[in-house]
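Participant:
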Amino acid sequence: MKAAGYDVQGAPGVLKYVDIPDPVAEPDDVLISVEAISIEGGI
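Going by the UniProt record's numbering, the final residue of the sequence shown carries number 43, and the count climbs one at a time with no gaps.
1. List the residues that DSSP assigns as beta-bridge partners of residue 4.
2. Using the three-state DSSP reduction, which class does residue 12 fall into: helix, strand or coil?
3. Straight-line CA distance for residue 37 to residue 27?
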């Protein structure tokens, strides 16, 4: 699964795109598939 995240605040260049393992739902969990998101930069 692809993911974007950051470990410091800053310009859009601080975003890192990485591969992470697909999540696995436990018996009492719900796994939601997300198609798209919006990244809000704040004020």
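Glycine included, every Cβ here is placed at the ideal spot set by N, Cα and C.
Facilitator: In short:
1. 17
2. helix
3. 27 Å
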